[in-house]
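Chemist:
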Amino acid sequence: MLVVDGLVKAYPSFSLQDVSFEVPAGFITGFIGANGAGKTTTLKSIMNIVRPDAGSVTFEGRDLHEHQAQAKQRIGFLLGPVDFYPKFPVRTVMDVYRRFYEHWDDEAFAGYLDRFRIDDRKKISELSTGMRVKLGVAMALSHDAQLLLLDEPTSGLDPVARDELLDLIQEVVEDGERAVLFSTHITSDLDKCADYIVFIRDGEIIARDTKDDLIANHIVVKGSHADLTDELQRRLISYKRHAYGFTGLARTADLAGHSGAGSWQTEAPDLESLMLYYDLEEAR
Amino acid sequence: MDIVIAERSDTPIYEQIHVQLAAQILNGRLEPSSMLPSIRTVARELGISVITIKKAWELLEADDLIYTRPGKGAFVSPHPRDGLTAKRHTFAVERFRHDARFYRDLAITRDELIDIVKQEY
Numbered sequence: 004m005l006v007v008d009g010l011v012k013a014y015p016s017f018s019l020q021d022v023s024f025e026v027p028a029g030f031i032t033g034f035i036g037a038n039g040a041g042k043t044t045t046l047k048s049i050m051n052i053v054r055p056d057a058g059s060v061t062f063e064g065r066d067l068h069e070h071q072a073q074a075k076q077r078i079g080f081l082l083g084p085v086d087f088y089p090k091f092p093v094r095t096v097m098d099v100y101r102r103f104y105e106h107w108d109d110e111a112f113a114g115y116l117d118r119f120r121i122d123d124r125k126k127i128s129e130l131s132t133g134m135r136v137k138l139g140v141a142m143a144l145s146h147d148a149q150l151l152l153l154d155e156p157t158s159g160l161d162p163v164a165r166d167e168l169l170d171l172i173q174e175v176v177e178d179g180e181r182a183v184l185f186s187t188h189i190t191s192d193l194d195k196c197a198d199y200i201v202f203i204r205d206g207e208i209i210a211r212d213t214k215d216d217l218i219a220n221h222i223v224v225k226g227s228h229a230d231l232t233d234e235l236q237r238r239l240i241s242y243k244r245h246a247y248g249f250t251g252l253a254r255t256a257d258l259a260g261h262s263g264a265g266s267w268q269t270e271a272p273d274l275e276s277l278m279l280y281y282d283l284e285e286a287r
Numbered sequence: 104m105d106i107v108i109a110e111r112s113d114t115p116i117y118e119q120i121h122v123q124l125a126a127q128i129l130n131g132r133l134e135p136s137s138m139l140p141s142i143r144t145v146a147r148e149l150g151i152s153v154i155t156i157k158k159a160w161e162l163l164e165a166d167d168l169i170y171t172r173p174g175k176g177a178f179v180s181p182h183p184r185d186g187l188t189a190k191r192h193t194f195a196v197e198r199f200r201h202d203a204r205f206y207r208d209l210a211i212t213r214d215e216l217i218d219i220v221k222q223e224y
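Chains A and B, in that order, are what the protein sequence lines are. Read in order, the letters of the first sequence correspond to residues 4 to 287 in this note's numbering. Read in order, the letters of the second sequence correspond to residues 104 to 224 in this note's numbering.
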């Protein structure tokens, strides 16, 4: 549905370098990376809010930047909770907003407000953060967006609101037609529900794969200081020592055939440990 | 159909689903020829990735426990028990290997373990 190819954007102190990935219909793609790694810049470059120096973005088979007006009718882009016109009631703001969209569906929007228990007589500023995120998703779905680009939608939400939002996102892709790209540094949101993961570090994509394969291709290693031989160190992506031993991350293939004389143990990583140890690798 | 996911387990989620459904097919709780819910429905209900569920379904299909009809969905095999003796054995061995580490850590001897099995099973 969305193909990002070779995006480059240079800033004095930071640059996106050849960022390429795909967001397929019917799936949730998680976009992970530390704060400042380039997640928001990438999303803004996709939407041409930041003008990339090079690269292309194709949406539904056509160049998104060339056919920007039509494409944006079919994309819901949420840069955090809804925060425009905070002093106006939801109802008033929506009366303006709906006019930008050819396929705005009043009935669907009313349905979402009802479901999220959002009172449209309230001012935007009176809604909780969770409500304002859900309002944004409701707006996107009501103008028939086929692609949702969500930038850190769960930050600032309590566990209940997060859970509701994740349920909603899964519902969006259930029919197999729509796609979600979900950027976050709170990777536990994606541990269960993401189908694909795109991992950005310092402006560079360092992994893009199905979440299951990404997890299966890495392994967490834990052991005593004596276990951490030079040989094992070379096979680890990175590691951390603590008072009673070490914890590290390896590519599963790099550890194959290295049974180790020691007593170290292995376990499956979660997305958080992948992010943590890849960042450590860079810091080394 | 029951599926209970242990998120912090080191057994991948698709394998947990595979083993649980395999057991329910083998013990007859999921009736031969009955239809399974769609992958996307199960994914949403459990809050689990579509690809993970799909993988579990593929493993069940590889075991000949289910079959899929394009456009219609997945169904429990009419005779799931056929040819499954070997698979049951594999599941049990895999589980035991996992547990064996725990017994070793407790320094349980082979004879002790055999006694435990005789008593408890």
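Glycine included, C-beta positions come from ideal geometry on N, C-alpha and C. For clarity, every value in this text was computed on a predicted model and none was experimentally measured.
Can you check whether the CB of A:G79 is closer than 7 Å to the CB of A:A143?
Modeler: As a first step, residue 143 of chain A must be located in the first sequence, where it is residue number 140. As a first step, residue 79 of chain A must be located in the first sequence, where it is residue number 76. If you check the CB distance, A:A143 and A:G79 come in under 7 Å.
Chemist: Between A:D108 and A:S145, is the Cβ-Cβ spacing less than 7 Å?
Modeler: Taking the first sequence and counting its residues from 1, one reaches residue 108 of chain A at position 105. Taking the first sequence and counting its residues from 1, one reaches residue 145 of chain A at position 142. It is a contact, given that the beta carbons lie within the stated cut-off.
Chemist: Helix, strand or coil for A:E25, going by three-state DSSP, please let me know.
Modeler: Position 22 of the first sequence holds residue 25 of chain A. A:E25 falls in the strand class under three-state DSSP.
Chemist: Quick check on A:Y115: buried or exposed, where buried means 16 or more other Cβ atoms within 10 Å of its Cβ?
Modeler: As a working note, residue 115 of chain A is residue 112 in the first sequence. Classification for A:Y115: buried.
Chemist: Where DSSP assigns a beta bridge to A:A210, which residues make up the other side?
Modeler: By one-based count along the first sequence, residue 210 of chain A stands at place 207. BP columns for A:A210 point to A:F202.
Chemist: Spell out whether any CB of chain B is found under 7 Å from the CB atom of A:K137.
Modeler: For this step, residue 137 of chain A is matched to residue 134 along the first sequence. Not a single C-beta of chain B is nearer than 7 Å to the C-beta of A:K137.
Chemist: Roughly how many whole angstroms lie between the Cα atoms of A:S18 and A:D8?
Modeler: Within the first sequence, the letter at position 15 stands for residue 18 of chain A. Within the first sequence, the letter at position 5 stands for residue 8 of chain A. Going from the Cα of A:S18 to the Cα of A:D8 covers about 15 Å.
Chemist: What does A:Q173 touch in chain B if you count any residue whose Cβ is under 8 Å from its own?
Modeler: Residue numbering aside, residue 173 of chain A sits at position 170 when the first sequence is read from its first letter. Ordered by position in chain B, the residues that pass the 8 Å Cβ test against A:Q173 are A146, R147 and G150.
Chemist: Taking one C-beta from the stretch 167-182 of chain A and one from the stretch 123-139 of chain A each time, how about it: are there three or more such pairs within less than 8 Å?
Modeler: yes
Chemist: What are the residues of the stretch 204-218 of chain A that lie near chain B, defined by any Cβ-Cβ distance shorter than 8 Å?
Modeler: Residues are counted here when their Cβ sits less than 8 Å from a Cβ of chain B; for the stretch 204-218 of chain A these are T213, K214, D215 and I218, given in chain order.
Chemist: Contact criterion: CB-CB distance below 7 Å. Does B:T171 meet it with respect to chain A?
Modeler: What you label residue 171 of chain B is simply residue 68 of the second sequence in a count that begins at 1. So no, B:T171 is outside the interface.
Chemist: Please say whether A:T32 and A:L184 have beta carbons closer to each other than 7 Å?
Modeler: For the purposes of this step, residue 184 of chain A is taken as the residue at position 181 of the first sequence. For the purposes of this step, residue 32 of chain A is taken as the residue at position 29 of the first sequence. Yes, the pair counts as a contact, with Cβ atoms nearer than the cut-off.
Chemist: Does any residue of chain D have a CB that is nearer than 7 Å to the CB of A:K225?
Modeler: In the structure shown, chain D cannot be found, because the protein chains are A and B.
Chemist: Which whole-angstrom value describes the C-beta separation of A:F24 and A:I209, a residue pair presumed to lie in contact below a C-beta threshold of 8 Å?
Modeler: Here residue 24 of chain A refers to the residue found at position 21 when the first sequence is read from its first residue. Here residue 209 of chain A refers to the residue found at position 206 when the first sequence is read from its first residue. Actually they do not touch by this definition, with Cβ atoms about 11 Å apart.
Chemist: Could you pull out every residue in the same chain whose Cβ sits closer than 8 Å to the Cβ of A:E180, ignoring the five residues on either side in sequence?
Modeler: As a position in the first sequence, residue 180 of chain A is number 177, starting the count at 1. So the list reads A28, G29 and Q149, once near-sequence residues are dropped.
Chemist: Per the DSSP calculation, A:E270 is bridged to which residue(s)?
Modeler: Working through the first sequence from its first residue, we reach residue 270 of chain A at position 267. Note: A:E270 sits in a beta bridge opposite A:V223.
Chemist: Output the boundary residues of the alpha helix (DSSP H) element that contains B:S132.
Modeler: Locating residue 132 of chain B in the second sequence gives position 29, where the first residue counts as 1. Looking at the sequence shown, residue 132 of chain B is not Ser but Arg. No alpha helix (DSSP H) contains B:R132, which DSSP labels as neither H nor E.
Chemist: Can you name, in chain order, every residue of its own chain whose Cβ lies under 6 Å from the Cβ of B:D166, other than the five neighbours on each side?
Modeler: Locating residue 166 of chain B in the second sequence gives position 63, counting from the first residue. Cβ within range, chain order: K190.
Chemist: Throw me the rounded Cβ distance for the A:T190 and A:L274 pair, which I believe falls under 8 Å.
Modeler: Counting from 1 along the first sequence, the entry for residue 190 of chain A is found at position 187. Counting from 1 along the first sequence, the entry for residue 274 of chain A is found at position 271. The beta-carbon distance between A:T190 and A:L274, rounded to whole angstroms, is 4 Å. This is short enough to meet the 8 Å contact definition.
Chemist: In terms of residue numbering, what span does the beta strand (DSSP E) encompassing A:A289 cover?
Modeler: Residue 289 of chain A is absent from the model: chain A starts at 4 and stops at 287.
Chemist: Quick one, which residues of the stretch 21-48 of chain A are near chain B if we go by CB-CB under 8 Å, in chain order?
Modeler: G29, F30 and I31
Chemist: Please check if any C-beta of chain A sits within less than 7 Å of the C-beta of B:V153.
Modeler: Within the second sequence, numbered from 1, the residue matching residue 153 of chain B stands at position 50. Yes, contact with chain A.
Chemist: Given this structure, state the Cα-to-Cα distance separating B:D214 from B:F199, to the nearest angstrom.
Modeler: The residue you call residue 214 of chain B lines up with position 111 of the second sequence. The residue you call residue 199 of chain B lines up with position 96 of the second sequence. B:D214 and B:F199: Cα-Cα distance of roughly 16 Å.
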